[in-house]
Structures are given as structure tokens and as C-alpha cells.
Amino acid sequence: MNETPHPLNRRHFLRTGLAVGGGLTILPSGTLFGAESANNRLNVALIGAYGRARAHYGTLKSENVVAICEVNQKNLPFATKEFPKAKVYEDWRKCLDHPGLDAVLCCTTDHTHAFIANWALNRDLHVYMEKPLAITVNEARTVRATYLTKKDKLATQVGMQRHADPNFNRLRECIHDGVIGSLKEVYVWGNRQIPKPGYLPAAGPPPSTINWDLWLGPSPEHPYNPEYFSGGPGANCLQWNMYWDFGIGQMGDMGSHTMDLAWNVLDAGLPTNIKASSPEAFNPDVTPVNLTASFILPPNDWREQIRCTWFQGGAMPKSPSGGIDLNRIGHGAMFKGDKGFVVADFGKRIIIPDGRSGNMSYYKPRPEAELLPDLGNFQKQWTQACKNGKPAATACNFEYSANMIETMCLGLAAFRAGGELDYDAAKGVVTNNAEANQYLTKPYREGWTMNG
Ligand SMILES: NC(=O)c1ccc[n+]([C@@H]2O[C@H](COP(=O)([O-])OP(=O)(O)OC[C@H]3O[C@@H](n4cnc5c(N)ncnc54)[C@H](O)[C@@H]3O)[C@@H](O)[C@H]2O)c1
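With our numbering as the guide, the letters of the sequence shown map in order to residues 177 to 628.
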């Protein structure tokens with residue numbers, strides 16, 4: 177147990193440090209007093225202690241991990257070894273009420289993300305949530321709505337850490353600066369395929385080390401099966417994220433990262449029309465492997481209305497040129513303008529000018545001094561935003577990320593509804609097919625609420 181004395185005073189300092197310390201020097205790191213002195217550390221709860229959480233242990237070493245929540249006792253020692261003073265919890269609902277918390281970093285199953293995010297925001301806690309932020313349209317809308325009432329005081333980030341690759345900035349710059357003229361259309365794809373027939377059958381009682389009831393959390397009942405736990409650390413999500421009650425398949429998995437390549441460029445809100453198609457029939461247990469979903473994104477102050485299409489599990493956009501095999505890019509994005517194409521993966525981009533001359537005299541790359549600043553360390557961007565008085569400045573805050581995942585979830589809703597949806601984004605309602613509104617949410621177990 178490690179409770180910092182006078183937590184309320186400390187929290188007040190962390191949140192109001194800028195105002196209180198008007199005369200202090202804020203160093204370029206963004207942290208008050210520069211170095212991370214003991215009283216400039218966040219009191220963090222780590223929820224979901226192993227697997228993906230390992231990627232955050234390093235960042236958390238600069239903070240105070242005061243609480244750890246884990247449903248699998250076998251996974252707990254990895255984290256308690258790193259953070260021996262933390263109080264241990266099994267139920268995240270109790271963990272969030274740990275006295276003196278400032279922030280939560282969560283690496284649990286996808287079906288708990290929106291719940292934990294919303295409960296944490298309701299308690300005025302900063303949140304780093306692993307991707308995807310939500311697995312239904314309504315979950316995304318609930319978290320965004322709560323976040324927007326608190327965005328001036330709470331820092332949030334969704335674990336789309338590839339965003340820190342400088343290629344994300346370079347892509348945004350070159351497309352905004354007109355390297356392919358006016359943007360006309362965007363294509364994003366991922367080739368991962370994890371076919372499964374259906375939920376796993378009952379395989380005896382869960383071992384005493386796993387609290388299966390808490391693992392299920394808000395999800396409807398399913399019998400325990402060890403295969404849900406048979407993946408390697410950090411890849412175990414591939415054992416459960418394709419089942420509707422636990423995830424949204426590749427939309428939320430690699431889709432979170434890959435759509436981010438496009439979303440970072442587009443300055444998009446929410447779509448007005450969604451179409452989806454798949455060679456697969458709807459399976460009530462498992463999300464589709466092969467899916468194409470297109471989204472009409474309204475115009476904004478720098479681009480016209482465009483269509484953005486997501487392809488997964490074997491579906492692919494057409495190559496812009498015979499010499500370019502898009503299949504060799506496992507997860508990528510392609511931007512089509514009236515003067516050419518940009519094809520990108522996470523770390524590189526290829527510019528393909530239109531026409532035989534390849535004349536690009538219309539394009540002037542921006543001077544080095546005007547390049548977008550490097551994001552730096554993605555996790556640190558969040559811990560610094562918790563402290564430096566600019567909480568909304570994180571790249572993948574809950575407004576940006578909720579818009580993106582709500583859009584992706586609408587693609588799945590269109591697939592389930594069997595075709596095309598017109599969407600009133602202000603109200604969160606499908607207007608051309610009343611039946612389809614049932615796919616904007618999902619059933620939950622009695623006793624679980626998102627608004628706790
Ligand atoms: N950002 C990335 O690149 C990246 C990479 C891998 C995984 N992830 C995300 O991280 C999350 C976890 O993935 P994983 O592969 O580590 O999964 P996992 O099944 O190994 O779960 C991670 C840990 O959380 C624990 N846990 C599960 N449900 C819990 C609950 N309700 N309360 C407390 N602890 C709970 C598990 O026992 C495990 O120790 C997923 O949402 C996944 O999408 C992100």
C-alpha cells in the first residue's frame with residue numbers, strides 16, 4: 177500500500193500547478209520544475225497488469241504506481257515485481273476508488289475499455305486507454321460525451337503509439353501542402369486474418385488463478401476455455417478480440433493503428449453515409465475476417481467531401497499503377513488526389529505523380545523550420561499533458577479517437593444491417609433503416625453500467 181500523504185492537496189497541485197505557479201519556469205519537457213521530482217509524479221492505477229502492460233512499465237517507472245488491478249493471479253507478479261508498493265485489486269471498479277489517484281493506465285480486454293474509461297473520467301482521473309477505445313458506436317459516443325465535459329482538466333490518450341512515427345507528420349504535411357493536388361479519396365487496409373468458427377466451447381471450470389466472472393465483466397456469459405489465454409504476452413488479445421462480445425476483430429486491432437494513418441491527415445468528424453460488404457455471411461459469434469467498409473466524410477475548411485474506405489482480411493484497394501503491388505504492404509493507406517497518389521505504411525510513404533511527365537512543379541515542400549514538431553515519446557506525451565496544463569494536447573485524445581472508432585464501428589453496423597446506412601451523427605441515429613440502430617450497441621450483463 178503506498179498512499180501519498182495529503183492526496184487532495186497533491187492532486188490540486190498537479191492540476192493547478194500552472195495557475196498556482198504562475199512565476200515558475202516551465203522547461204521544454206513541459207513538466208513543472210523540469211525534473212520529475214517526487215511531488216511531480218502522478219499516482220497511477222495500472223489496470224490489466226501484464227501482456228501489453230509491459231510496454232508501459234518503463235513510462236510508469238517515472239510515476240507512482242499506487243494501485244494494480246489484475247484478474248489473473250499468474251500475471252500479477254510481473255507487475256508487482258516492478259511496482260512493489262502498489263496496492264493490488266482484482267475488480268477495476270474498486271481499484272478506481274483507490275484514494276489519491278490521479279490517473280489510470282488500462283491494458284485490459286477491449287470489451288472493458290469504454291466502461292473503465294468512462295468510470296475513470298467520472299472520477300476526474302486522467303486516462304491512457306489501450307486501443308480500441310470502444311467496441312460499439314454507443315460506447316464511443318458515451319466516452320466522448322463525458323470527455324468533452326472535462327477536456328480542459330483531464331488528459332487522455334488511446335494506445336495508437338505508431339502515431340509518434342515521424343511519417344505520420346510527413347504524410348499530413350505533404351497532403352495538406354498539395355503534393356497530390358486536391359484530396360479525392362482515401363483507402364486504408366490491413367491483411368491480418370484470424371478466422372474462428374464461433375465462441376469456444378466449455379472446457380471445465382476456470383483455474384482458481386483466474387477470476388472468470390471479472391474477466392467477462394460487462395460481457396454476456398460465456399463458458400471458460402483456456403484458449404482465450406493461450407497467446408503470448410502482448411499478443412494474447414488475438415485469442416479473444418474477434419468475438420463480438422470481447423472485441424471488434426481487425427477494426428479495433430490493427431485497424432486502430434492503420435486508420436490512424438488516414439485520420440491524422442483528414443481532420444474528420446463523423447460519417448454521414450456508410451456502406452459495407454463482405455464475402456462472408458454474418459456470424460453471430462465472430463466478427464468478419466474479410467470486410468470492406470466505406471465512409472462518406474463531410475467537407476471541412478481545407479478539403480471537399482471524401483470517401484474513406486477500410487479493407488481488411490484479404491479485401492484490397494486497386495493499385496494506382498501496375499508496378500506497385502499493394503499486397504506487399506500489410507497495413508497501409510493510400511491517398512488519391514487530382515494530381516496523383518500517396519501510398520504509405522507506418523514508417524514510409526511513396527509519392528506517385530499523375531501523368532507521363534510526372535511534373536510536380538505545382539508542389540513546394542514546406543521549409544524545414546515549418547515542419548510539424550516531432551511528437552516524441554507517445555506515452556510521455558500523455559504523462560506530460562496530465563501535468564503541464566494542456567491536457568487536450570495529446571495526439572490521440574478521446575475526442576479524436578472516439579470519432580475514429582465510432583466510424584469503424586459504423587462499418588460493422590452496416591455489415592450487420594446488410595448494406596448501407598445514412599447516419600445522423602449529431603443524434604447518433606441511423607435514419608434510413610430503423611432496424612440497424614440495434615447494431616449501434618450490444619447486450620451487457622445485468623449489474624454492469626457504463627456510467628458508474
Ligand atoms: N497498442 C498496441 O500496439 C497494442 C499491442 C497489443 C495489445 N494492445 C491492446 O492491449 C490490450 C490487452 O492486450 P493483451 O494482448 O495484453 O491481452 P491479455 O489478454 O494478455 O490481457 C492483458 C492483461 O489484462 C488482464 N485483464 C484482462 N481483463 C481484465 C480485467 N477486467 N481487469 C483486470 N485485468 C484484466 C489479463 O489477465 C492480462 O494480464 C488489448 O486491448 C489490445 O488491443 C495494444
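Even glycine gets a Cβ: it sits at the ideal position worked out from N, Cα and C.
- Item | Bridge partner(s) assigned by DSSP for Val280 | On the sequence shown, residue 280 is found 104 positions in, with the first residue counted as 1. Bridge partners of Val280: Ala221 and Val303.
- Task: Using beta-carbon positions only, say whether Arg317 and Ala578 come within less than 9 Å of one another.
- Result: Taking the sequence shown and counting its residues from 1, the one referred to as residue 317 is at position 141. Taking the sequence shown and counting its residues from 1, the one referred to as residue 578 is at position 402. Contact: yes.
- Quick one, which of Lys250, Glu258 and Leu218 has its alpha-carbon nearest Glu266's? Stepping through the sequence shown from its first residue, residue 266 is reached at position 90. With distances taken between Cα atoms, Glu266 lies closest to Lys250.
- Query: Hey, how far is the Cα of Asn412 from the Cα of Gly428?
  - Reply: What you label residue 412 is simply residue 236 of the sequence shown in a count that begins at 1. What you label residue 428 is simply residue 252 of the sequence shown in a count that begins at 1. Each residue's Cα considered, the two are about 14 Å apart.
- Query: In whole angstroms, what separates the C-alpha of Val462 from that of Asp421?
  - Reply: The residue labelled residue 462 in the question sits at position 286 within the sequence shown. The residue labelled residue 421 in the question sits at position 245 within the sequence shown. Roughly 9 Å separates the two Cα atoms.
- Message: Measuring only the C-alpha atoms, how far is Leu502 from Lys494?
- Response: Position 326 of the sequence shown, counted from the start, is the residue given in the question as residue 502. Position 318 of the sequence shown, counted from the start, is the residue given in the question as residue 494. Distance between the alpha carbons of Leu502 and Lys494 is about 8 Å.
- Task: State the beta-bridge partners of Val355 as determined by DSSP.
- Result: Here residue 355 refers to the residue found at position 179 of the sequence shown. DSSP lists no partner for Val355.
- Message: Could you tell me which whole alpha helix (DSSP H) segments of length 4 or greater appear in the segment 355-405?
- Response: Entirely contained in the segment 355-405, the alpha helix (DSSP H) runs reaching 4 residues are, in chain order, 388-392.
- Task: List the DSSP bridge partners of Asp598.
- Result: As a working note, residue 598 is residue 422 in the sequence shown. Asp598 is bridged to Asn449.
- Exposure label - Glu582; buried when at least 16 CB within 10 Å: As a position in the sequence shown, residue 582 is number 406, starting the count at 1. Burial of Glu582 is indicated by the presence of at least 16 other C-beta atoms within 10 angstroms of its C-beta.
- Flag this pair as yes or no: are the beta carbons of Phe554 and Gln337 separated by less than 9 Å? Translated into the one-based positions of the sequence shown, residue 554 becomes position 378. Translated into the one-based positions of the sequence shown, residue 337 becomes position 161. Their beta carbons are under 9 Å apart, which means Phe554 touches Gln337 by this criterion.
- Message: Following a CB-centred definition, is Asp286 positioned closer than 8 Å to any heavy atom of ligand 1?
- Response: As a first step, residue 286 must be located in the sequence shown, where it is residue number 110. Asp286: yes, Cβ under 8 Å from ligand 1.
- Task: Please classify Trp478: is it buried, with 16 or more other beta-carbons within 10 angstroms of its beta-carbon, or exposed?
- Result: Looking up residue 478 in the sequence shown gives position 302. The C-beta of Trp478 has fewer than 16 other C-beta atoms within 10 Å across all chains shown, which makes the residue exposed.
- Task: Would you give the residue range spanned by the beta strand (DSSP E) that Lys250 belongs to?
- Result: In the sequence shown, residue 250 corresponds to position 74, counting from 1. Here Lys250 belongs to no beta strand (DSSP E), and DSSP marks it neither H nor E.
- Who are the Cβ neighbours of Thr570 in its own chain at under 8 Å, not counting the five residues just before and after it? Residue mapping note: residue 570 aligns to position 394 of the sequence shown, counting from 1. The residues are Ala331, Thr332, Gln333, Gln557, Trp558 and Ala561.
- Query: Where Tyr620 and Glu315 are concerned, what is the direct C-alpha to C-alpha distance, given to the nearest angstrom?
  - Reply: For the purposes of this step, residue 620 is taken as residue 444 along the sequence shown, with counting starting at 1. For the purposes of this step, residue 315 is taken as residue 139 along the sequence shown, with counting starting at 1. So the two alpha carbons sit approximately 12 Å from each other.
- Query: How is His274 classed by DSSP in three states: helix, strand or coil?
  - Reply: Here residue 274 is taken as the residue at index 98 of the sequence shown, counted from 1. Three-state result, His274: coil.
- Message: Taking only three categories from DSSP, how would you classify Ser497?
- Response: Numbered from its first residue, the sequence shown carries residue 497 at position 321. Ser497 sits in coil when the DSSP states are folded into three classes, being neither helix nor strand.
- For ligand 1, is there a heavy atom less than 8 Å away from the beta-carbon of Val518? For the purposes of this step, residue 518 is taken as residue 342 along the sequence shown, with counting starting at 1. Flag unset: Cβ of Val518 not near ligand 1.
- Message: Along the chain, where does the beta strand (DSSP E) containing Phe471 start, and where does it finish?
- Response: Mapped onto the sequence shown, residue 471 falls at position 295. From DSSP, the beta strand (DSSP E) with Phe471 extends over Leu467 to Leu473.
- Task: Count the other C-beta atoms from every protein chain shown that fall within 10 angstroms of the C-beta of Asn215, then say buried if there are 16 or more, exposed otherwise.
- Result: Within the sequence shown, numbered from 1, the residue matching residue 215 stands at position 39. Its Cβ having fewer than 16 others within 10 Å, Asn215 is exposed.
- Query: Do the CB positions of Cys283 and His232 come within less than 9 Å of each other?
  - Reply: By one-based count along the sequence shown, residue 283 stands at place 107. By one-based count along the sequence shown, residue 232 stands at place 56. With respect to the 9 Å criterion, Cys283 and His232 are classified as neighbours on the basis of their beta carbons.
- Message: Shorter than 8 Å, the distance from the beta carbon of Asp429 to the closest heavy atom of ligand 1, or not?
- Response: On the sequence shown, residue 429 is found 253 positions in, with the first residue counted as 1. Distances between the C-beta of Asp429 and the heavy atoms of ligand 1 include at least one below 8 Å.
- Query: Among residues of its own chain, excluding the 5 on either side of Gln426, which ones have a beta-carbon nearer than 7 Å to its beta-carbon?
  - Reply: Stepping through the sequence shown from its first residue, residue 426 is reached at position 250. Same-chain partners within the cutoff: Gly366, Arg368, Gln488 and Gly489.
- With DSSP as the reference, label Lys556 as helix, strand or coil. On the sequence shown, position 380 is the one that residue 556 refers to. DSSP places Lys556 in the helix class (H, G or I) of the three-state scheme.
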